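Some notes on the structure that comes next.
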Amino acid sequence: MFFKQFIQVFNQNKVPVRFKRSFRGLKERMEEDGLIPFSEDDQAFNRLAGLLKPIHTVEEQIEYMAKYWNVYKDRPIWETSWRRNLRTQLKWQPPTRLFCIDRNGRFNVNNACPICRDEYFFFDYRNPKLILHFLQPGTDLPITNLKTGLCIEQTINLQAQVLKAKENEWYPGLWEKEETLQGDEELPKRNVSVDDIYQNPDIEFPIHNRDFNNHCQALKQKHHHKILQILEFLLLDQHL
Numbered sequence: 381m382f383f384k385q386f387i388q389v390f391n392q393n394k395v396p397v398r399f400k401r402s403f404r405g406l407k408e409r410m411e412e413d414g415l416i417p418f419s420e421d422d423q424a425f426n427r428l429a430g431l432l433k434p435i436h437t438v439e440e441q442i443e444y445m446a447k448y449w450n451v452y453k454d455r456p457i458w459e460t461s462w463r464r465n466l467r468t469q470l471k472w473q474p475p476t477r478l479f480c481i482d483r484n485g486r487f488n489v490n491n492a493c494p495i496c497r498d499e500y501f502f503f504d505y506r507n508p509k510l511i512l513h514f515l516q517p518g519t520d521l522p523i524t525n526l527k528t529g530l531c532i533e534q535t536i537n538l539q540a541q542v543l544k545a546k547e548n549e550w551y552p553g554l555w556e557k558e559e560t561l562q563g564d565e566e567l568p569k570r571n572v573s574v575d576d577i578y579q580n581p582d583i584e585f586p587i588h589n590r591d592f593n594n595h596c597q598a599l600k601q602k603h604h605h606k607i608l609q610i611l612e613f614l615l616l617d618q619h620l
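All the letters of the sequence shown, read from the start, carry residue numbers 381 to 620 under the numbering used here.
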């Protein structure tokens, strides 16, 4: 419906040049002419500034993830459906943005992160399939933002949902592995030398002894008096 109205207005030459590339200005111009490019019940548009992200339940997200698995299998979400719009290597990338969706629920960027851009994706501890995509394998640690591309807001949401899952005793396999990774004894870190911590009496390092009466030493003694004569001659020339 919107594109039909756009073509109609464009053919009537009612769209100025400055509005041809501005979607927001085009909507304002069409509203002045009495043409509404969207309805009040449409969640895809915001009358003030742009797109809105629809709100869905966890049950709908789980059904959507089942369809996602049929297509992409076990491939992570941040690898299949999203790529950061940068021309540089991973280690030279700047940090990710603070947020993709403002407090009013509208997008403030064109290339949102892999969670914000999809209308069905949001972190909830009751859906482990989505959270495990952004955790390091076998741990509860999130993958770095430079690799996944998550905004700071979604990263905090991910960490909060992981803690919430730990409080509600979800994902028991992660917490059991975390306890087994801790050592039985802690090594002292202060006022202790390395030899006291790692004792190995089998290794004996030889004592360094300086070489004497070798070829270099004899050559140096042989030409020592000649070097002194040359230095004395140079000093006399400087005084004269």
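Even for Gly, the Cβ is constructed at its ideal location relative to N, Cα and C. Treat the numbers as computed from the prediction; the structure is a model and nothing was measured.
Per-residue DSSP class, three states only, for residue i
| i | result |
| --- | --- |
| Pro-522 | strand |
| Ile-435 | coil |
| Phe-487 | strand |
| Ile-495 | coil |
Extent of the continuous alpha helix (DSSP H) to which residue i belongs
| i | result |
| --- | --- |
| Asn-450 | 438–452 |
| Thr-460 | 457–460 |
| Glu-533 | 532–547 |
| Leu-512 | Counting along the chain, Leu-512 falls outside any alpha helix (DSSP H), and DSSP gives it neither H nor E. |
Close beta carbons around residue i, own chain, < 7 Å, minus the five adjacent residues each side
| i | result |
| --- | --- |
| Gly-485 | Leu-432, Lys-433 |
| Arg-506 | Val-438 |
| Glu-440 | Tyr-500 |
| Tyr-452 | Thr-460 |
| Glu-612 | none |
| Ile-536 | none |
Nonlocal neighbours in the same chain, by C-beta distance under 8 Å from residue i, ignoring five residues either side
| i | result |
| --- | --- |
| Pro-494 | Ile-457, Trp-458, Ser-461, Trp-462, Phe-501, Thr-528, Gly-529, Leu-530 |
| Gln-539 | Pro-522 |
| Glu-499 | Lys-433, Pro-434, His-436 |
| Gln-541 | Phe-503, Asp-504, Tyr-505, Ile-511 |
| Pro-508 | Ala-545, Trp-550, Tyr-551 |
Sequence-distant residues of its chain with Cβ nearer than 6 Å to residue i (five each side left out)
| i | result |
| --- | --- |
| Cys-480 | Val-489, Ala-492, Cys-493, Cys-496, Cys-531 |
| His-513 | Pro-456, Ile-457 |
| Leu-478 | Ile-532 |
| Leu-428 | Confidence at Leu-428 is low in this model, with a pLDDT of 33, below 50, so its placement is unreliable and no value can be given for it. |
| Leu-608 | none |
| Asp-482 | Asn-488 |
| Glu-412 | none |
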